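Trainee: Provided herewith is a single structure, encoded as structure tokens, for subsequent inquiry.
Protein chains in written order, with my numbering: chain A, 5 to 227; chain B, 7 to 247.
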């Protein structure tokens, strides 16, 4: 149990750092973050399912420069911890909700870190304008430490929320399933709206439409 | 470690000190520093001072601008030309990165990863996504740095190369096609245990989310819509328990 908590804390921290500060290798995508968290907890299907639903939400926003974007990676880690061990789709709604709350807190945290970086830079402007490497290195390291602290804190909060909501059923089994289905629908809508916003140009929208048609055909014929 | 390898590694941390005054400039200055070490002290300080001024670009392409600036600094290009070069690269590098990576590669790889995730298993989907995405990601970073270092202040030519232009034309449609295919497949998989009526209900919620994001209240989208929808479902679940 403690070993799993430690591994989840480590994984959540790495995922939080990957989102913006280190590498952007996309281990912070919920599909990856949730699945790996599920593997750590011995339930990769539950973790993967939460990651897949949160991935639909994540397609709504692109991690562009100064844009505000939620931290869906740590959200997926918390969501996977909530869903692990729940039967079928019953726990997915509560788990995805937990993930969304954590992702939102992560968004607030990123803005706070960047405001901290900005204030730090203003304090050291003189040294920067003198071309001193020490100031540049110091700002880099302190920025990295701020994001590390944000990632650790958010993962701990997320895992705390997961402990609180794990195996909690909202009212009835039907209520839990309703929550799951509403969030799946909202995720599908978020992904669609995100792609429509990203592509804008009509020629690319046609490719999106073609993909939708092929996907629906696949579901109808094969699934 | 050679300076160019050190710079490549440091570009991985280019957003660590992202701030609202100078954006990625501090990370970029830290990345460029190994390439400037051979300059005499006065020129080194002047180059570092210029490097810390406002700069922003896609994080994967920032190496191109930094290497080009470093080359210009090392070959004695005048201050004003270097300033203009930095200024001139901000918009094109941002635009190319957004179209090629954020609107093309990422949704494309995510779409493939999601489809594989539900058709095979989430573990395989995650691996396929990471391999596809990062093969292109690291190739882009390496190409960008190399082009910047080789072409110096004439680096803008690299952005108009046929391969990049073709990549930008293809990336968007491929990404859109992949996500378009993945959405119904994922939706079908997530609702596989439910009746057709329930599936249609899920589609209705999806259409409502799109309507809010596109026309009714664009700020109330994605995560915010999801949280409110979950709260409404929670209340309905309690009411009918």
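Note that beta-carbon positions come from the ideal geometry of N, C-alpha and C, so glycine has one too.
Computed from a predicted structure; not experimentally measured.
Are the Cβ atoms of residue 216 of chain A and residue 116 of chain B separated by less than 8 Å?
Mentor: The sequence position of residue 216 of chain A within the first chain is 212, counting from 1. The sequence position of residue 116 of chain B within the second chain is 110, counting from 1. For residue 216 of chain A and residue 116 of chain B, no; Cβs fall outside 8 Å.
Trainee: Just verifying my parser: in three-state terms, what is the DSSP assignment at residue 61 of chain B?
Mentor: Taking the second chain and counting its residues from 1, the one referred to as residue 61 of chain B is at position 55. Looking at residue 61 of chain B - three-state DSSP - the assignment turns out to be strand.
Trainee: Counting only beta-carbon atoms, is residue 22 of chain A nearer than 8 Å to chain B?
Mentor: Mapped onto the first chain, residue 22 of chain A falls at position 18. So, not an interface residue.
Trainee: Could you pull the DSSP bridge partners for residue 29 of chain B from this structure?
Mentor: Residue numbering aside, residue 29 of chain B sits at position 23 when the second chain is read from its first letter. DSSP lists B/25 and B/61 as partners of residue 29 of chain B.
Trainee: Rounding to the nearest angstrom, what Cα-Cα distance links residue 128 of chain B and residue 59 of chain B in this structure?
Mentor: Indexing the second chain from 1 puts residue 128 of chain B at position 122. Indexing the second chain from 1 puts residue 59 of chain B at position 53. Answer to the nearest angstrom: the Cα atoms are 44 Å apart.
Trainee: Would residue 33 of chain A count as contacting chain B if we go by Cβ distances under 8 Å?
Mentor: Working through the first chain from its first residue, we reach residue 33 of chain A at position 29. Judged by the 8 Å Cβ criterion, residue 33 of chain A is in contact with chain B.
Trainee: Residue range of the alpha helix (DSSP H) that residue 116 of chain A falls in?
Mentor: Your numbering for residue 116 of chain A matches position 112 in the first chain. Looking at the DSSP string, the run of the alpha helix (DSSP H) that includes residue 116 of chain A is 96 to 127.
Trainee: Determine, using beta carbons only, whether residue 126 of chain A comes closer than 8 Å to chain B.
Mentor: Counting from one through the first chain, the residue named residue 126 of chain A turns up at place 122. So, interface residue.
Trainee: Taking all protein chains shown into account, do 16 or more other C-beta atoms lie within 10 angstroms of the C-beta of residue 166 of chain B, making it buried, or fewer, making it exposed?
Mentor: Along the second chain, one-based indexing puts residue 166 of chain B at 160. So residue 166 of chain B ends up on the exposed side.
Trainee: Quick one: any contact between the stretch 178 to 191 of chain A and the stretch 87 to 101 of chain A, if contact means 3 or more CB pairs under 8 Å?
Mentor: Verdict: yes, contact present.
Trainee: Please report the straight-line C-alpha distance between residue 197 of chain A and residue 18 of chain A, rounded to a whole angstrom.
Mentor: Residue mapping note: residue 197 of chain A aligns to position 193 of the first chain, counting from 1. Residue mapping note: residue 18 of chain A aligns to position 14 of the first chain, counting from 1. If you take the alpha carbons of residue 197 of chain A and residue 18 of chain A, they lie about 29 Å apart.
Trainee: If you reduce the DSSP assignment to three classes, tell me which class residue 172 of chain A lands in.
Mentor: Numbered from 1 along the first chain, position 168 holds the residue referred to as residue 172 of chain A. Residue state, collapsed to three classes: coil.
Trainee: Name the chain A residues that come within less than 8 Å of residue 135 of chain B, Cβ to Cβ?
Mentor: Start at 1 with the first residue of the second chain, and residue 135 of chain B comes out as number 129. Within chain A, the residues near residue 135 of chain B are 30, 33, 35 and 36.
Trainee: Assess contact between the stretch 111 to 125 of chain A and the stretch 29 to 44 of chain A, defined as three or more Cβ pairs (one per stretch) separated by less than 8 Å. Is contact present?
Mentor: Too few Cβ pairs lie closer than 8 Å, so no.
Trainee: How many whole angstroms separate the CB atoms of residue 74 of chain B and residue 159 of chain B, which I take to be in contact at a CB cut-off of 8 Å?
Mentor: Taking the first residue of the second chain as position 1, residue 74 of chain B is located at position 68. Taking the first residue of the second chain as position 1, residue 159 of chain B is located at position 153. Indeed they touch by this definition, with Cβ atoms about 6 Å apart.
Trainee: Please check the pair residue 84 of chain A and residue 51 of chain A, which I expect to be a contact at CB under 8 Å, by giving their CB distance rounded to whole angstroms.
Mentor: The residue you call residue 84 of chain A lines up with position 80 of the first chain. The residue you call residue 51 of chain A lines up with position 47 of the first chain. Residue 84 of chain A to residue 51 of chain A, Cβ: 3 Å. Contact.
Trainee: Which residues bound the alpha helix (DSSP H) around residue 101 of chain B?
Mentor: By one-based count along the second chain, residue 101 of chain B stands at place 95. 85 to 103 is the span of the alpha helix (DSSP H), which, as asked, contains residue 101 of chain B.
Trainee: Counting along the chain, where does the alpha helix (DSSP H) carrying residue 211 of chain B start and finish?
Mentor: Taking the first residue of the second chain as position 1, residue 211 of chain B is located at position 205. Segment 202 to 217, the alpha helix (DSSP H) holding residue 211 of chain B.
Trainee: For the putative contact between residue 1 of chain B and residue 177 of chain B, defined by C-beta atoms under 8 Å, what is the C-beta separation to the nearest angstrom?
Mentor: Here chain B comprises residues numbered 7 to 247, so residue 1 of chain B is not present and cannot be evaluated.
Trainee: Quick check on DSSP: helix, strand or coil for residue 168 of chain B?
Mentor: Your numbering for residue 168 of chain B matches position 162 in the second chain. In this structure, residue 168 of chain B counts as helix in the three-state DSSP scheme.
Trainee: Which residue comes first and which comes last in the alpha helix (DSSP H) that contains residue 153 of chain B?
Mentor: Counting from 1 along the second chain, the entry for residue 153 of chain B is found at position 147. Residue 153 of chain B -> alpha helix (DSSP H) spans 128 to 157.
Trainee: Please identify, using Cβ separations under 9 Å, the residues of the stretch 117 to 145 of chain A that lie next to chain B, in order along the chain.
Mentor: Those residues of the stretch 117 to 145 of chain A that come within reach of chain B (Cβ to Cβ, closer than 9 Å) are 117, 118, 119, 120, 121, 122, 123, 124, 125, 126, 129, 132, 133, 134, 135, 136, 137, 139, 140, 141, 143, 144 and 145.
Trainee: Quick check: what's the CA-CA separation for residue 29 of chain A versus residue 84 of chain B?
Mentor: For the purposes of this step, residue 29 of chain A is identified with residue 25 of the first chain, where counting begins at 1. For the purposes of this step, residue 84 of chain B is identified with residue 78 of the second chain, where counting begins at 1. Their backbone Cα atoms lie some 37 Å apart in a straight line.
Trainee: Would you be able to state if there are at least three C-beta pairs under 8 Å between the stretch 145 to 152 of chain A and the stretch 111 to 121 of chain A?
Mentor: The answer is yes - the stretch 145 to 152 of chain A touches the stretch 111 to 121 of chain A, with three or more Cβ pairs under 8 Å.
Trainee: Among the residues of its own chain, which have a CB less than 7 Å from the CB of residue 235 of chain B, if the five just before and after it don't count?
Mentor: Counting from one through the second chain, the residue named residue 235 of chain B turns up at place 229. Excluding positions up to five away in sequence, the list reads 211.
Trainee: Please go through the stretch 21 to 100 of chain A and give each complete beta strand (DSSP E) segment of 3 or more residues, from N-terminal end onward.
Mentor: Those beta strand (DSSP E) runs which fall completely within the stretch 21 to 100 of chain A and span 3+ residues do not exist here.
Trainee: Is the beta carbon of residue 80 of chain A less than 8 Å from the beta carbon of residue 37 of chain A?
Mentor: As a working note, residue 80 of chain A is residue 76 in the first chain. As a working note, residue 37 of chain A is residue 33 in the first chain. Cβ distance < 8 Å, so residue 80 of chain A and residue 37 of chain A count as in contact.
Trainee: What residues from chain B crowd round residue 64 of chain A, counting only those whose CB sits closer than 8 Å?
Mentor: On the first chain, residue 64 of chain A is found 60 positions in, with the first residue counted as 1. 219, 227, 228 and 229, listed in chain order.
Trainee: Using the C-alpha atoms, what's the distance from residue 198 of chain B back to residue 91 of chain B?
Mentor: The residue labelled residue 91 of chain B in the question sits at position 85 within the second chain. The residue labelled residue 198 of chain B in the question sits at position 192 within the second chain. So the alpha carbons of these two residues sit roughly 55 Å apart.
Trainee: Measure from the alpha carbon of residue 207 of chain A to the alpha carbon of each residue in B/138, B/29, B/181 and B/38, then state which is nearest.
Mentor: Within the first chain, residue 207 of chain A is the residue found at index 203, counting from 1. When each option's Cα is compared against that of residue 207 of chain A, the closest is B/181.
Trainee: So what does DSSP say about residue 161 of chain B, is it helix, strand or coil?
Mentor: For the purposes of this step, residue 161 of chain B is taken as the residue at position 155 of the second chain. Coil, per DSSP.
Trainee: Give me the residue from A/210, A/75, A/224 and A/56 with the minimum Cα distance to residue 151 of chain A.
Mentor: Residue mapping note: residue 151 of chain A aligns to position 147 of the first chain, counting from 1. Among A/210, A/75, A/224 and A/56, the Cα nearest to that of residue 151 of chain A belongs to A/75.
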